[in-house]
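Participant: This structure is in structure tokens; I'll ask about it shortly.
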Amino acid sequence: MHMHRIDKKYRLSYTDRAKGIVKELSLEEKVSLMSGKVSMVEMLQNFSGEMHYNYIPYPAGGIARKQIPELKFCDGPRGVVCGTGKSTCYPVPMLRGASFDTDLEERIGQAIGEEVRAWGGNLFAGICINLLYHPGWGRSQETYGEDSYHLGKMGSALVRGVQRENVIPCIKHFAFNSMEISRFKVNIECDKRTERERYLPHFKECIDNGAAAVMSSYNLYRGVHCGQNRYLLKDVLKDEWDFDGFVMSDFVWGITDTVMAANSGQDMEMCCTSLYGNALIKAVREGKVPEEKIDESAVRIVRTLLAYTEADQKEYPKELIGCKEHIALALESAQKGITLLKNKNHVLPIERDRIENVVVLGGLANKGNLGDNGSSRVYPPYAISPLQGIAKAAGNKKVIFNDGSDIRHAKWLAERADYVVFVAGYDCNDEGEYVSNDQAGNYMDPIGGDRCQSLGLHPDEIRLIKEVGPVNDRSVVILIGGSMIMMEEWKDYVNGILMAYYPGMEGGTAIGQILFGDVNPSGKLPFVIPKKETDLPEVNWDTEKQRYDYYHGYTKLEKESIESAYPYGFGLSYTKFEITGVYFSRRGDAIEAECSVKNTGERAGAQVIQFYVGFSQSSEDRPVKVLKGFQRVPLKPGEKKKVTIVTPIAQLEWFNDRKDAWELEHMEYDLYLGTSSSEKDLIQGKLSL
Amino acid sequence: MNSYIFETIEHHKESPAKVIITSIDHSDYHWHYDYELIMVVKGEIILSVLPEFCLMQEGDIALVNSKEVHGFQNNNQENICLIIQIKNEFFDLSDDKNQAYYFYLNSAKEAVKPRISYTHFQRTLAQIGLESGHMKKTSNLRIQGLIYMLISDLFDYIPHDIQQFANEAVQNTDSEEVLKIIRFIEKHLIYDNLTEELCKSIGMSEKGLYRFLKSTIDMTLKELIDVTRLNHAIYLLSYTDKDNSTIASECGFCNDNTFYRCFKKMYGMTPLVYKNNTADDKKPKRIKEVQGYLDYSKREAFQLLKKYVEIEGGLRLDAYAQD
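Sequences listed follow chains L and W, in order.
Just so we're aligned: 617 in numbering that gives the first Met the number 0 is position 618 of the first sequence, and the numbers increase by one with no gaps anywhere.
Just so we're aligned: 182 in numbering that gives the first Met the number 0 is position 183 of the second sequence, and the numbers increase by one with no gaps anywhere.
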């Protein structure tokens, strides 16, 4: 059996055959390839009992007698959405981003690819790489973080992984989709430099790594819906980037105008046929859409589907779905992404042999909390709650849970406890995908959305931590949530803080293992935690227009010399690392940053070495520094490894609006290597280019 | 001392609970799977749920949790108690079979207060007690309804914790182990090397035993031994004419002074005062019964229960107001 490793070249080898097939098709047949085959009625019927959105892979196109396979759409990203009680549920991408582990993300991609195949799917649309412009974004859990470079690396790792199983990797939402409740109506404005340096590079990176489908976003960009935005779909994606795959619309409300969509390069209306189908045939007949446009879309769709479906004849048994290897990967991911932020007086890890009991406070502890209930919801066979995980790790030690609603009682418990673990944060009611009633009927419960009111914990959680935390020296907080949670108000009231994101079906297990030191935490924040919400860019969540600024996240705080509570890339370990021999040099078209990392402590651990480039000598308005490389390094106690990070010099270029071109400044660059974006954690060097 | 490992509680086929109205003489430490609610209708009893003792007076209500090691004794007064034992499976709200609910309901203690007034629970318990005395065909149905109400009220208004176990294997052993330790101490009160013998008997190191007791009943071994000795002393004071020196040595106290000191600390009076307070006519007649429950007047009990049902004229919404 011959297996092809799919890449663009391989896909293009199907061009002639695709053209030949398309040539034989009638207009009606060609147009039928260009939309989803799920009826709105069917879709709503799916929302009852154990059925749900994407319960089975959603079909589109396909003409059996012409040997054109159907597209079979599977959503994600925290696993495969299909089925109930079966698929593996991984941690959300934000946690996976915190692992800074592209190899692991690729393995997750491959495991997801296997499950997509086992469900009978051939496309995975769970590669969400929207920039975390502001952590209030309700769906921030679905993406990897606030930095475009990091986003591109993590997203393309998932692309490669999914591709290994010959599943079409579909990246989304193209583009500027960083707000939720206004997503159908908001018009995004930003200058071209911001567009090029901040919002598009990670999409390009994923396409260069083989993404073969792109889902357009709901929002508007410069006055035009992205689903029918000629500039984005045709000029940038297909012409400039030479994208060979096809574009699909986000579901149901992704396009608003048949002619405009078809002419702008929208290849496929998902997931129901509404504005395409007969309306598109009519538009072609009336001369409003040239038939060549239809031919081009049809060729892209047929070529891509043939390339992937003919790449292997492998059978994927149902037993692969939720198999123990995949679940082990979900656990590994949680172990590597959960981030230790505070560990005063080495309050953690808990020494099992020296304690009798642990008191766990806060309702979220008793909940297997996988994230929101939107289109990314995966239905695994089980989900280990933090409480269950702590009990598993505690062995025969007593683990007592109380929801914390009675502060007096919580104090009474805390006074008697050897350790107090608060579990606080969010669930699907607080943040997530949102469809309002007027827009969508009963499509989804109108809960979640953006965090419009506050980025902090709920008032009752803050009160509980502030009143009960100080009762016991050994108090730690575990945070559950899709991205940044403000902690300034309460962080001094406890000695330990662990950010657990939404850690997947084995998340509780990982939390327990980390608390008890069976696993050494190694996650790093993929976003900055500010001291004040006002340090972040201003966003009007319920709005028809929003401007995205050039600066956001850590680059904004650094530019304005504002100290963060915890910097981007920050995360503690139970062991210590020593970095020596930092050396920067030019090697042809690349910069090499190298150093040695040694684990000087007594436990095995992993450190993420981060490479930042600074622009203090620039004559332009440029960030203080930005991430341009990273490598995760696992180290045994006493072990030392050499790390070399290679970054193409092109990564240092800036986009000159005035000349509409990328340019390299010839000057001395500040180069940094270290363990977070804070200058305290970095060793600085210089290099002239 | 009568002894039994744990109460086997037989339930009516269709009923989630067993309702008992009785007078309590004395029951040794024991445990059962059922959750047990006690309301003192008349007189006083001492409820001991290690490490604590509490004096329950007329009107007091308390809940003993599933598998919690506990014991009762009368406080040298006639008493009538309403006891409702509810199958633990009715408390099984969680999908996770490795979780056990622990409620904090004891009106005789200051520690944790419910979110609604005790009178609400008194009334429900009294209604259940009264229904149990009826011969009507609907009584069983009505009791079931009231029991479900009671369980819901416990979950909604009584502070409660969940004990999370790693798996089923570790779940059931603790109470049995504690009981085994108590039994051993009871039998060997006068041993000089009690600790050593105990460790040998149960196969734990002294350190291991210390930790086990601390985590299960929050007591040190010394405290547990003292409590067991005093328990026995109360029995001897109440039912025998032995003098204090004899009692002290039979209970394993090294001298009379230690006995006095410990007794006073625990009960707030000297052994002599305790003994003298118990006038002969007040002393309950000891009836040999497996459960240690005494005879009582049914009529009197129902008269007293009615009082609680009539307090606020049946269910009223203000009973749910926050405390």
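Quick reminder that beta carbons are idealized off the backbone N, C-alpha and C, glycines included.
Which residues in chain L have a C-beta closer than 9 Å to the C-beta of F120 of chain W? List them in chain order.
Facilitator: To locate residue 120 of chain W, count along the second sequence from 1; it is residue 121. Simply none; closest approach about 17 Å.
Participant: Does V111 of chain W come within less than 8 Å of chain L when only Cβ atoms are used?
Facilitator: If you number the second sequence from 1, residue 111 of chain W lands on position 112. Judged by the 8 Å Cβ criterion, V111 of chain W is in contact with chain L.
Participant: In angstroms, rounded to a whole number, what distance separates the CA positions of P633 of chain L and G604 of chain L?
Facilitator: In the first sequence, the residue the question calls residue 633 of chain L occupies position 634. In the first sequence, the residue the question calls residue 604 of chain L occupies position 605. Approximately 6 Å, taken between the alpha carbons.
Participant: So, helix, strand or coil for R95 of chain L, using DSSP?
Facilitator: Reading the first sequence from its first residue, position 96 is the one you call residue 95 of chain L. Helix, per DSSP.
Participant: What does E355 of chain L touch in chain W if you count any residue whose Cβ is under 8 Å from its own?
Facilitator: For the purposes of this step, residue 355 of chain L is taken as the residue at position 356 of the first sequence. Taking a Cβ-Cβ cut-off of 8 Å, the neighbours of E355 of chain L in chain W comprise R210, K213, S214, given in sequence order.
Participant: On the DSSP bridge assignment, give the partners of G589 of chain L in chain order.
Facilitator: Looking up residue 589 of chain L in the first sequence gives position 590. Before going further, note that residue 589 of chain L is Ala rather than Gly in the sequence given. L:R586, L:P647, per the DSSP bridge assignment.
Participant: May I ask which residues mark the beginning and end of the beta strand (DSSP E) holding Y671 of chain L?
Facilitator: Residue 671 of chain L sits at position 672 when you count from the first residue of the first sequence. Its beta strand (DSSP E) spans residues 667-673.
Participant: With a cut-off of 8 Å, does the C-beta of P158 of chain W fall near any C-beta of chain L?
Facilitator: By 1-based counting over the second sequence, the position of residue 158 of chain W is 159. Chain L contact via Cβ: present.
Participant: Please return the same chain residues whose Cβ sits closer than 6 Å to the Cβ of T272 of chain L, not counting the five positions on each side in sequence.
Facilitator: On the first sequence, position 273 is the one that residue 272 of chain L refers to. Excluding residues within five positions, the ones whose Cβ falls inside 6 Å are S34.
Participant: According to DSSP, what are the bridge partners of G321 of chain L?
Facilitator: The residue you call residue 321 of chain L lines up with position 322 of the first sequence. For G321 of chain L, DSSP assigns no beta-bridge partner whatsoever.
Participant: Just verifying my parser: in three-state terms, what is the DSSP assignment at G154 of chain L?
Facilitator: To locate residue 154 of chain L, count along the first sequence from 1; it is residue 155. Correct three-state label for G154 of chain L: helix.
Participant: Between which two residues does the beta strand (DSSP E) carrying V111 of chain W extend?
Facilitator: If you number the second sequence from 1, residue 111 of chain W lands on position 112. Annotation for V111 of chain W: no beta strand (DSSP E) segment contains it, and DSSP assigns it neither H nor E.
Participant: Strictly by DSSP, which residues pair up with I187 of chain L?
Facilitator: The sequence position of residue 187 of chain L within the first sequence is 188, counting from 1. I187 of chain L pairs with L:Y220, L:Q545.
Participant: What would DSSP say about H187 of chain W, mapped onto helix, strand or coil?
Facilitator: Here residue 187 of chain W is taken as the residue at index 188 of the second sequence, counted from 1. It is coil, neither helix nor strand.
Participant: Could you round the C-beta distance between F72 of chain L and G120 of chain L to whole angstroms and report it? I think they count as a contact, below 8 Å.
Facilitator: Within the first sequence, the letter at position 73 stands for residue 72 of chain L. Within the first sequence, the letter at position 121 stands for residue 120 of chain L. Contact flag correct, Cβ pair sits at about 7 Å.
Participant: Can you round the beta-carbon distance between L235 of chain W and A125 of chain W to whole angstroms, since I take them to be within the 8 Å contact cut?
Facilitator: Your numbering for residue 235 of chain W matches position 236 in the second sequence. Your numbering for residue 125 of chain W matches position 126 in the second sequence. Going by Cβ atoms, the distance from L235 of chain W to A125 of chain W rounds to 36 Å, so no, they are not a contact pair.
Participant: Does the ligand GTP have a heavy atom nearer than 7 Å to the CB of L103 of chain L?
Facilitator: Ligands are entirely absent from the displayed structure, and the ligand GTP is therefore not among its contents.
Participant: Looking at the secondary structure, which residues open and close the beta strand (DSSP E) in which W653 of chain L lies?
Facilitator: In the first sequence, counting from the first residue as 1, residue 653 of chain L sits at position 654. From DSSP, the beta strand (DSSP E) with W653 of chain L extends over 653-655.
Participant: Under 8 Å, with one C-beta from each stretch per pair, do the stretch 546-555 of chain L and the stretch 620-636 of chain L reach the 3-pair mark?
Facilitator: yes
Participant: How about Q387 of chain L: is its C-beta nearer than 8 Å to some C-beta of chain W?
Facilitator: Working through the first sequence from its first residue, we reach residue 387 of chain L at position 388. Closer than 8 Å: yes.
Participant: At 8 Å on the CB atoms, spell out the chain W contacts of A390 of chain L, in chain order.
Facilitator: Taking the first sequence and counting its residues from 1, one reaches residue 390 of chain L at position 391. What A390 of chain L touches in chain W: N97, Q163, F164, A165.
Participant: Taking any Cβ of chain L, which residues in the stretch 233-250 of chain W have a Cβ under 8 Å from it, in chain order?
Facilitator: none
Participant: In this structure, how does DSSP classify I5 of chain L when only helix, strand and coil are distinguished?
Facilitator: Sequence index remark: in the first sequence, residue 5 of chain L carries index 6 (1-based). I5 of chain L: coil per DSSP, three-state reduction.
Participant: Can you confirm whether the stretch 522-532 of chain L touches the stretch 483-494 of chain L when touching is taken to mean that 3 or more C-beta pairs between the two stretches lie within less than 8 Å?
Facilitator: yes
Participant: Within its chain, find whatever has a CB closer than 7 Å to the CB of A409 of chain L; leave out the 5 residues flanking it on each side and keep chain order.
Facilitator: For the purposes of this step, residue 409 of chain L is identified with residue 410 of the first sequence, where counting begins at 1. L360, N401, G403, L463, V467, listed in sequence order.
Participant: Under 8 Å: do the stretch 196-212 of chain L and the stretch 142-154 of chain L share three or more Cβ pairs, one atom per stretch?
Facilitator: yes
Participant: By Cβ distance, which residues of its chain are closer than 8 Å to K341 of chain L, with the 5 residues on each side in sequence left out?
Facilitator: Here the question's residue 341 of chain L lines up with position 342 in the first sequence. Contacts found: K490, V493, N494, G495, I496, L571.
Participant: Check whether the stretch 611-618 of chain L touches the stretch 665-677 of chain L, taking contact to mean three or more Cβ pairs, one atom from each stretch, closer than 8 Å.
Facilitator: yes
Participant: So, under 8 Å CB-CB, L339 of chain L and P520 of chain L are touching, yes? Tell me the CB distance rounded to an integer number of Å.
Facilitator: For the purposes of this step, residue 339 of chain L is taken as the residue at position 340 of the first sequence. For the purposes of this step, residue 520 of chain L is taken as the residue at position 521 of the first sequence. Going by Cβ atoms, the distance from L339 of chain L to P520 of chain L rounds to 4 Å, so yes, they are a contact pair.
Participant: Pick out whichever of L:E105, L:T533, L:T308, L:E114 has its Cα sitting closest to the Cα of P316 of chain L.
Facilitator: On the first sequence, residue 316 of chain L is found 317 positions in, with the first residue counted as 1. With distances taken between Cα atoms, P316 of chain L lies closest to L:E114.
Participant: Nearest-angstrom Cα distance between D620 of chain L and T508 of chain L?
Facilitator: Position 621 of the first sequence, counted from the start, is the residue given in the question as residue 620 of chain L. Position 509 of the first sequence, counted from the start, is the residue given in the question as residue 508 of chain L. Their Cα atoms are separated by approximately 46 Å.
Participant: Quick one: measure Cβ to Cβ for N97 of chain W and A165 of chain W, integer angstroms, because I've assumed they're closer than 8 Å.
Facilitator: Along the second sequence, read from residue 1 onward, the residue named residue 97 of chain W stands at position 98. Along the second sequence, read from residue 1 onward, the residue named residue 165 of chain W stands at position 166. About 7 Å separates the two Cβ atoms, so the contact holds.
Participant: DSSP puts A399 of chain W in a beta bridge; with which residues?
Facilitator: The requested residue 399 of chain W does not occur in the structure, where chain W is confined to residues 0 to 322.
Participant: Report the option in W:D242, W:K241, W:R228 whose CA atom is closest to the CA atom of F252 of chain W.
Facilitator: On the second sequence, position 253 is the one that residue 252 of chain W refers to. Nearest C-alpha to F252 of chain W: W:R228.
Participant: Using a C-beta to C-beta distance shorter than 9 Å, which residues of chain W count as neighbours of D266 of chain L?
Facilitator: Taking the first residue of the first sequence as 1, we reach residue 266 of chain L at position 267. None at all; the shortest Cβ gap to chain W is about 45 Å.
Participant: Quick one: what does DSSP say I354 of chain L is sitting in, helix, strand or coil?
Facilitator: On the first sequence, position 355 is the one that residue 354 of chain L refers to. In this structure, I354 of chain L counts as coil in the three-state DSSP scheme.
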